[in-house]
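Trainee: Chains A and B, in that order, give the protein sequences. Residues 4 to 39 (the numbering used here) are what the first sequence spells out, left to right. Residues 134 to 723 (the numbering used here) are what the second sequence spells out, left to right. Each residue gets a CB set at the ideal place from its N, CA and C atoms; glycine is no exception. Please read these numbers as outputs of a predicted model, since none were measured by experiment. The following block contains the structure, expressed as structure tokens.
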Amino acid sequence: MMDIIFIFATVLFFALAILYVRGCELLGKGRPHEHS
Amino acid sequence: MSANGWFQIGVFLLVIFLITKPLGAFLARVFSSEKTFLDPVLRPIERLIYRLTGIDEKHEMRWTEYAVAMLLFSSVSMALLYVLERVQKFLPLNPQKFANLEPGLAFGTAASFTTNTNWQAYSGESTMSYFTQMAGLAYHNFASAAVGIAVAVAVIRGIARKETDKLGNFWVDTTRCLLWVLLPICLVGSLVFVSQGVIQNLKPYTTVELIEPQTVQITGADGKTTAQTVTQQVIAQGPVASQEVIKEFGTNGGGFFGANSAHPFENPTPFSNFFQLVLIFAIPSALTYTLGRMTGSQRHGWAVWAAMALLFLAGVATAYWAEARGNPQLMGVNQSLTALQSGGNMEGKEVRFGIANSALFATVTTDASCGAINGQHDSFTPLGGMVPLINIMLGEVVFGGVGAGLYGIVVFVILAVFIAGLMVGRTPEYLGKKIESYDVKMAMLAILILTFTILGFSALAIIKPFGTSSISNPGPHGLSQVLYAYVSSAGNNGSAFGGLNPNTMWYNTSTAVAQLLGRFFMIIPVLAIAGSLAKKRIVPESVGTFPVTGGLFSGLLVATIVIVGALTFFPALSLGPILEHLLMAAGQSF
């Protein structure tokens, strides 16, 4: 039982991390272009 | 303190300085796919790996693809290590017939080695089979180090490139790091360790008769104490040398034995101790040169190196001074330095290493995210023990972990040029790239995840019985034990303060989460910065450009690191080691 919980926790963490990648990417979308 | 001690510290820094350029230039060649002297042997192996795994080495990745590849690689590696630990008694190379690890310990250890932390809530010689040590832990020592270096190289490319969204290929960077950098140097380094007496075998443990039998008091399960005479000792064996070299060169830190580098089979001689110290700083120091080389601003690379060296010297000087002073509460004990004794506070230190090399090792291992130890940090004086704590709290950017130190200090560089830009009222620039709000937001996310993790978990652990029950010393020292556990975990250092019992379900799982957050939730915004910088065009320098070379920049960078660290952690430090120091001076110990 504990094995299933820990493997699930591992998968859940990395799934959240991939969502975090997407979140960071979305934060950068639509930002104004740089001005020199 | 002695001239001899300072001489050894000076020689160490000189050696690090001397290897920075050649190793850094070699790293730049490897990651730019330029020709090296190892190509005739390694290039066919590399091509074969790509053919077998279906990797297109010409394919370049955006930062998001790079990050997802890194996450998938790490998740599969972590799950495999967990399974390996849980079934080790059914696998070969287990002469001591060690049982499978408990689920909590297996999870904590899997997270720890995947994140390059190597926090160990166990003693290797009484827990891990040779197969788990080699195929599980040593594999991660190589893989996690390669991941860190690959991310640092992607960040350097982000700074160096212009008007592109490509940062390289994660699989190619990791493979080239393993083949060209880690494996060849570790092969030679392990033989150097063998020459010093570090053991390398697969033998069952050796049982020997004691020359002088010892009588010890044993307390049974019923609480009764009986005298027992011990006539034999079991001497642990194993493939130590091959693991020792990557333990330091990959700034992993997980020892084959529980005593880590204080164990004579891991670190037998003064030379092996010196070699370990050099291995820890080698790649982190060299990567500053690689940064300069690949971005075309060698002076910037050296300015970053100088900032790191300055912080290193401040740390080692404080630790050496604090430990050499000794403990004022040991009235009547001769703690002075003589030809026959090290003097100072020798509790928890190896006599063969003395004060200087123990203080130096503690500083180096926590400046970098290594975590190997040759003495007990818990037994340092309050101020001496505060140095390792502060080193990790600063983000381990004083040379830092392999790759992690470089991409960590780039975050502070972004903040430093941002602050400089605010001061002169111009848009901040970094090597011709304009630093915009998105870059600063990502930099702050990278810094805040460490703060949130360390202080959040520490606060929870010191108010709940599941956290306080593992503390062995009351008062401020107990707080330092808990604080150190989460600082070491979130900072992916892995060294233990000592004194805390970490092998509980709470500490195994909470430190694992802290390690995972500290590693991956820092890397993701850092790669986002790299992706953002790569897209920008280069603007020419103007009179308003703040130079990222020279003493002024190095000074500003040091100030930024120290101020961010101080503002974040001073309240916790004041309740822990600083309070303990003041109480020690007043005659109270913990």
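Near D306 (chain B), what residues of its chain come up, given a Cβ to Cβ distance below 6 angstroms and the 5 sequence neighbours on each side ignored?
Mentor: The residue labelled residue 306 (chain B) in the question sits at position 173 within the second sequence. Closer than 6 angstroms at the Cβ level, and outside the excluded window around D306 (chain B), lie A283 and V286.
Trainee: At a CB-CB cut-off below 7 angstroms, which residues of chain A make contact with K574 (chain B)?
Mentor: Looking up residue 574 (chain B) in the second sequence gives position 441. Neighbours of K574 (chain B) on chain A, chain order: L30.
Trainee: May I ask you to report which of helix, strand or coil DSSP gives I368 (chain B)?
Mentor: For the purposes of this step, residue 368 (chain B) is taken as residue 235 along the second sequence, with counting starting at 1. Three-state DSSP puts I368 (chain B) in a strand.
Trainee: Just reading off the beta strand (DSSP E) that P346 (chain B) is part of, what are its end residues?
Mentor: The residue labelled residue 346 (chain B) in the question sits at position 213 within the second sequence. Note, P346 (chain B): beta strand (DSSP E), T339 to T352.
Trainee: Rounded to a whole number of angstroms, what is the C-alpha to C-alpha distance between V331 (chain B) and L324 (chain B)?
Mentor: For the purposes of this step, residue 331 (chain B) is taken as residue 198 along the second sequence, with counting starting at 1. For the purposes of this step, residue 324 (chain B) is taken as residue 191 along the second sequence, with counting starting at 1. C-alpha separation (whole angstroms): 9 angstroms.
Trainee: Check distances from the C-beta atoms of the segment 632–649 of chain B to those of chain A and list, in chain order, the residues that come in under 7 angstroms.
Mentor: Residues of the segment 632–649 of chain B with a Cβ closer than 7 angstroms to any Cβ of chain A, in chain order: L649.
Trainee: Between H38 (chain A) and the rest of its own chain, which residues show a CB-CB distance below 6 angstroms, the 5 nearest in sequence each way excluded?
Mentor: Numbered from 1 along the first sequence, position 35 holds the residue referred to as residue 38 (chain A). Reliability of the predicted coordinates at H38 (chain A) is poor, the pLDDT of 47 falling under 50, and the value obtained from them is presented with this limitation in mind. Cβ neighbours of H38 (chain A) beyond the five flanking positions: none.
Trainee: Name the DSSP beta bridge partners of K770 (chain B), please?
Mentor: Nothing can be reported for residue 770 (chain B): it is not among the residues displayed for chain B, which extend from 134 to 723.
Trainee: I want to know whether the segment 453–463 of chain B touches the segment 410–426 of chain B - three or more CB-CB distances under 8 angstroms.
Mentor: no
Trainee: 8 angstroms is my cut-off, CB to CB: does H16 (chain A) come that close to chain B?
Mentor: Numbered from 1 along the first sequence, position 13 holds the residue referred to as residue 16 (chain A). Looking at the sequence itself, residue 16 (chain A) is Phe, so the reference to His does not match. Yes - at least one Cβ of chain B is within 8 angstroms of the one on F16 (chain A).
Trainee: In this structure, does DSSP put S39 (chain A) in helix, strand or coil?
Mentor: Within the first sequence, numbered from 1, the residue matching residue 39 (chain A) stands at position 36. Summary for S39 (chain A): the model assigns pLDDT 42, below 50, so the residue's position carries little reliability, and this model does not support an answer.
Trainee: Going along chain A in order, which residues have a C-beta closer than 7 angstroms to the C-beta of F653 (chain B)?
Mentor: In the second sequence, residue 653 (chain B) corresponds to position 520, counting from 1. Correct list: A20.
Trainee: Take the Cβ of I580 (chain B) as the centre, count every other Cβ of all protein chains shown within 10 Å, and call the residue buried at 16 or more, exposed below.
Mentor: Within the second sequence, residue 580 (chain B) is the residue found at index 447, counting from 1. Buried.
Trainee: Could you list which residues in chain A have their beta carbon closer than 8 angstroms to that of I657 (chain B), in chain order?
Mentor: Sequence index remark: in the second sequence, residue 657 (chain B) carries index 524 (1-based). Within chain A, the residues near I657 (chain B) are A20, Y23, V24 and C27.
Trainee: Are the CB atoms of A647 (chain B) and S622 (chain B) within a distance shorter than 8 angstroms?
Mentor: Start at 1 with the first residue of the second sequence, and residue 622 (chain B) comes out as number 489. Start at 1 with the first residue of the second sequence, and residue 647 (chain B) comes out as number 514. With contacts defined as CB atoms closer than 8 angstroms, S622 (chain B) and A647 (chain B) qualify as a contacting pair.
Trainee: Locate the alpha helix (DSSP H) running through F145 (chain B), then write down its first and last residues.
Mentor: Here residue 145 (chain B) refers to the residue found at position 12 of the second sequence. Its alpha helix (DSSP H) spans residues A136 to F164.
Trainee: Extract the residue ranges of the alpha helix (DSSP H) inside the segment 595–655 of chain B, only unbroken runs of 4 or more that lie entirely within it.
Mentor: 598–601 and 608–623
Trainee: I'd like to know whether the C-beta of S39 (chain A) is nearer than 8 angstroms to at least one C-beta of chain B.
Mentor: Here the question's residue 39 (chain A) lines up with position 36 in the first sequence. Caution is warranted here: a pLDDT of 42 is assigned to S39 (chain A), below 50, making its placement in the model unreliable, and the coordinate value is therefore given only provisionally. Yes - at least one Cβ of chain B is within 8 angstroms of the one on S39 (chain A).
Trainee: Answer yes if the segment 206–215 of chain B comes into contact with the segment 661–681 of chain B, meaning at least three C-beta pairs across the two stretches below 8 angstroms, and no otherwise.
Mentor: no
Trainee: Write down every uninterrupted run of the beta strand (DSSP E) in the segment 482–531 of chain B whose length is 3 residues or greater and which is fully enclosed by it, in chain order.
Mentor: Counting only runs of 3 or more, we get nothing.
Trainee: Within the same chain, show all residues whose beta-carbon is closer than 6 angstroms to that of A200 (chain B), passing over the 5 residues directly before and after it, in chain order.
Mentor: Counting from 1 along the second sequence, the entry for residue 200 (chain B) is found at position 67. The answer, listed in chain order, is I657 and L660.
Trainee: Along the chain, which unbroken stretches of the beta strand (DSSP E) at least 3 residues long are found entirely within the segment 268–341 of chain B?
Mentor: Within the segment 268–341 of chain B, no complete beta strand (DSSP E) run reaches 3 residues.
Trainee: Only counting the same chain, and skipping five residues up and downstream in sequence, which positions put a Cβ closer than 8 angstroms to that of V550 (chain B)?
Mentor: In the second sequence, counting from the first residue as 1, residue 550 (chain B) sits at position 417. So the qualifying residues of the chain are P561, E562, Y563, I568, F679 and V681.
Trainee: Could you pull the start and end residues of the alpha helix (DSSP H) that T248 (chain B) belongs to?
Mentor: Position 115 of the second sequence holds residue 248 (chain B). Counting along the chain, T248 (chain B) falls outside any alpha helix (DSSP H), and DSSP gives it neither H nor E.
Trainee: How close, in whole Å, do the beta carbons of F723 (chain B) and G608 (chain B) come, if the pair is a contact with beta carbons under 8 angstroms?
Mentor: By 1-based counting over the second sequence, the position of residue 723 (chain B) is 590. By 1-based counting over the second sequence, the position of residue 608 (chain B) is 475. Correct: roughly 5 angstroms between the Cβ atoms.
Trainee: Could you check how far apart the C-beta atoms of I547 (chain B) and A576 (chain B) are, in whole angstroms? I think they sit under 8 angstroms.
Mentor: Start at 1 with the first residue of the second sequence, and residue 547 (chain B) comes out as number 414. Start at 1 with the first residue of the second sequence, and residue 576 (chain B) comes out as number 443. That belief holds up - the Cβ atoms of I547 (chain B) and A576 (chain B) are roughly 5 angstroms apart, short of 8 angstroms.
Trainee: Roughly how many angstroms separate the alpha carbons of G536 (chain B) and G281 (chain B), rounded to a whole number?
Mentor: Translated into the one-based positions of the second sequence, residue 536 (chain B) becomes position 403. Translated into the one-based positions of the second sequence, residue 281 (chain B) becomes position 148. G536 (chain B) and G281 (chain B) have their C-alpha atoms spaced approximately 5 angstroms apart.
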